[in-house]
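Participant: Pasting a structure below so you can have a look.
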Amino acid sequence: MKILTLGAAGFIGSHLTDRLLKERHTVTAVDLYSEKVAEYLNHENMTFIQQDIRSPDWDLDRAVEDADLVIDLIAYANPGLYLRIPLEVFRLNFIENLKIAEACVRHGKRLIQFSTCEVYGRTAASLKNARVADPEDPIHATFSEDTSEYILGPVSKHRWIYSSAKQLLERVLHAYGIEQGFNYTIIRPFNFIGPKIDFLPTDNKDGIPRVFSYFMDALFNGTQMKLVNGGVNRRCYTYIDDAIGCSYRIVENRDGVCDRQIFNVGSPYNEISIRQMAETMREIYAQKYHDNGTRLPDIVSVTGDEFYGEGYDDSDRRIPDITKARTLLRWEPVWSVRDTIEATMQAHVDEYRKREAVTIAAHG
Ligand code: UGA
9 MKILTLGAAG FIGSHLTDRL LKERHTVTAV DLYSEKVAEY LNHENMTFIQ
59 QDIRSPDWDL DRAVEDADLV IDLIAYANPG LYLRIPLEVF RLNFIENLKI
109 AEACVRHGKR LIQFSTCEVY GRTAASLKNA RVADPEDPIH ATFSEDTSEY
159 ILGPVSKHRW IYSSAKQLLE RVLHAYGIEQ GFNYTIIRPF NFIGPKIDFL
209 PTDNKDGIPR VFSYFMDALF NGTQMKLVNG GVNRRCYTYI DDAIGCSYRI
259 VENRDGVCDR QIFNVGSPYN EISIRQMAET MREIYAQKYH DNGTRLPDIV
309 SVTGDEFYGE GYDDSDRRIP DITKARTLLR WEPVWSVRDT IEATMQAHVD
359 EYRKREAVTI AAHG
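Residue numbers (my numbering): 9 to 372.
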């Protein structure tokens, strides 16, 4: 297939590009930066277009018309940005993405839209006065694509503008499906991590990174690992190889099983609290990478407002129900949470050392 991949050089996009090229597709990759796809820039089946899709010189219709399949990964997806630039988050994640979807509708092209598990919001068990027999039961935190309710906070908690923008985009795709037979598939990623995830907070290309990179930064520099509100919230970390395995089955779309479907993509077995994650990372770091001259970081608690600024709120737990991916795609994640964290740390350490070596060589 000729595949147009928008946001091809982000964390997920770069791994997907690798897979698409291995499967011998022809890829037109569009992104602001090319670092994460540098190794494919001269690949005979890849054309890289360095482009801000918000710019008026970008010919979206031409790019879409030319493709058999469009994959849209363009988004601001780091919570720090939802707090700092909520309007821009809305503009990019809804308005600009809508233009892409409508170009696909106009040209009759299938669209794979990356969305987010954050559309589900909070668990019902986390609400004040919730009446739940056993709040710890994972059933209360397990979300299904076509039946779960979405619970978000008030407008004053503007963190939810991201979730709302993504949710509205999903609803519009669905409506185009109903009214005009538009063929789309929505992927809701559940905390993918692995090589090339956003780098350190000091490397600001990815904006404000997610928790993994903050913790790595603290480990490298011996500064504090900060747990927002004690690190009680939980996530299901999914190794990127598992995630790409599933995403590629969605690209293949055998027998049209993904037509107008939404898929949770994540590992339900890998739930971990942010505190446990900090402790696990510190323990692995101490065992494998720590040189005795430097200090291991303290793990401290900070409030959401201190860390992110006003308007912070959070998903407390989110476990993917992957029955649909299992049944329709015959997909099952295999990476454990410990292996996922270890492999991602190893890639991060390798990258950090490579950058350090370049800096030392440059400055003597
Ligand atoms: C983000 C996006 O909002 C989701 O859309 C996306 O699906 C998800 O990443 C993902 O990677 O798949 P989130 O999991 O909240 O969601 O991202 P993080 O910034 O990594 O936060 C995870 C948790 O760690 C939050 O509870 C946050 O408050 C906490 N945190 C973050 C800390 O305790 N310390 C830090 O230094 C940073």
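Glycine is no exception: its CB is placed at the ideal position from the N, C-alpha and C atoms.
Quick caveat, the model's predicted, so the values are computed rather than measured.
1) Exposed or buried, what is residue 126 when buried is set at 16 or more other beta-carbons lying within 10 Å of its beta-carbon?
2) Check for me: the alpha helix (DSSP H) holding residue 91 runs from which residue to which?
3) Let me check understanding here. Comparing Cα to Cα, which of 132, 49, 230 lies closest to residue 157?
4) Are the CB atoms of residue 219 and residue 282 nearer to each other than 9 Å?
5) Helix, strand or coil: which one does DSSP assign to residue 119?
6) Considering only DSSP beta bridges, list what residue 309 is partnered with.
7) Alpha carbon to alpha carbon, how far is residue 97 from residue 119? Give it in angstroms, no decimals.
8) Within its chain, find whatever has a CB closer than 8 Å to the CB of residue 209; leave out the 5 residues flanking it on each side and keep chain order.
9) Assuming contact is defined by CB atoms lying nearer than 9 Å, are residue 239 and residue 309 in contact in what I supplied?
10) Rounding to the nearest angstrom, what Cα-Cα distance links residue 241 and residue 247 in this structure?
11) Run the proximity test for residue 78: is its beta-carbon closer than 8 Å to any non-hydrogen atom belonging to the ligand UGA?
12) The alpha helix (DSSP H) that contains residue 293, what's its start and end?
13) Considering just the uninterrupted stretch of the alpha helix (DSSP H) at residue 348, what are its terminal residues?
14) Drop a sphere of 10 angstroms on the beta-carbon of residue 175, count the other beta-carbons inside from all chains shown, and report buried for 16 or more, exposed for fewer.
15) The beta strand (DSSP E) spanning residue 278 covers which residue range?
16) Check each candidate in 207, 235, 104 and name the one with the smallest Cα separation from residue 314.
17) By Cβ distance below 8 Å, which residues in the same chain neighbour residue 135 in space, the five residues on each side in sequence not counted?
18) Could you spell out where the beta strand (DSSP E) holding residue 80 opens and where it closes?
19) Could you give the DSSP three-state label for residue 105: helix, strand or coil?
20) I'd like the list of long-range same chain contacts for residue 193, defined as Cβ closer than 8 Å, with 5 residues on each side in sequence excluded.
21) Please classify residue 153: is it buried, with 16 or more other beta-carbons within 10 angstroms of its beta-carbon, or exposed?
22) For residue 184, which residues in the same chain have their Cβ closer than 6 Å to its Cβ, ignoring the five residues on either side in sequence?
Facilitator: From the atom records:
1) Taking the first residue of the sequence shown as 1, we reach residue 126 at position 118. The residue is buried, with at least 16 neighbouring Cβ atoms inside 10 Å.
2) Against the sequence shown, residue 91 aligns to sequence position 83. Here the alpha helix (DSSP H) through residue 91 covers 87-92.
3) Looking up residue 157 in the sequence shown gives position 149. Nearest of 132, 49, 230 to residue 157, Cα basis: 132.
4) As a first step, residue 219 is located in the sequence shown; it is residue number 211 there, counting from the start. As a first step, residue 282 is located in the sequence shown; it is residue number 274 there, counting from the start. Cβ atoms of residue 219 and residue 282: closer than 9 Å.
5) Position 111 of the sequence shown, counted from the first residue, corresponds to residue 119. Strand.
6) One-based indexing of the sequence shown puts residue 309 at position 301. Bridge partners of residue 309: 235.
7) Residue 119 sits at position 111 when you count from the first residue of the sequence shown. Residue 97 sits at position 89 when you count from the first residue of the sequence shown. Distance between the alpha carbons of residue 119 and residue 97: 21 Å.
8) Numbered from its first residue, the sequence shown carries residue 209 at position 201. Closer than 8 Å at the Cβ level, and outside the excluded window around residue 209, lie 216, 217, 221, 222, 225.
9) Numbered from its first residue, the sequence shown carries residue 239 at position 231. Numbered from its first residue, the sequence shown carries residue 309 at position 301. Cβ distance < 9 Å, so residue 239 and residue 309 count as in contact.
10) The residue given as residue 241 occupies position 233 in the sequence shown. The residue given as residue 247 occupies position 239 in the sequence shown. C-alpha separation (whole angstroms): 19 Å.
11) Along the sequence shown, one-based indexing puts residue 78 at 70. For the ligand UGA, not one heavy atom lies less than 8 Å from the Cβ of residue 78.
12) Taking the first residue of the sequence shown as position 1, residue 293 is located at position 285. Run containing residue 293: 282-296, per the alpha helix (DSSP H) assignment.
13) The sequence position of residue 348 within the sequence shown is 340, counting from 1. Residue 348 -> alpha helix (DSSP H) spans 345-371.
14) Here residue 175 is taken as the residue at index 167 of the sequence shown, counted from 1. Residue 175 is buried by the Cβ-count criterion.
15) Start at 1 with the first residue of the sequence shown, and residue 278 comes out as number 270. Residue 278 -> no beta strand (DSSP E), and no H or E assigned at all.
16) Numbered from its first residue, the sequence shown carries residue 314 at position 306. Residue 314 has its Cα closest to that of 235, out of 207, 235, 104.
17) Within the sequence shown, residue 135 is the residue found at index 127, counting from 1. Cβ within range, chain order: 159.
18) Here residue 80 corresponds to residue number 72 of the sequence shown, with the count starting at 1. Counting along the chain, the beta strand (DSSP E) containing residue 80 begins and ends at 77-80.
19) Within the sequence shown, the letter at position 97 stands for residue 105. Helix at residue 105.
20) By 1-based counting over the sequence shown, the position of residue 193 is 185. If we look at residue 193 and ignore the five residues flanking it on each side, its Cβ neighbours are 118, 119, 120, 121, 258, 261, 266, 267, 268, 269, 270, 271.
21) In the sequence shown, counting from the first residue as 1, residue 153 sits at position 145. Classification for residue 153: buried.
22) Taking the first residue of the sequence shown as position 1, residue 184 is located at position 176. Cβ within range, chain order: 113, 190.
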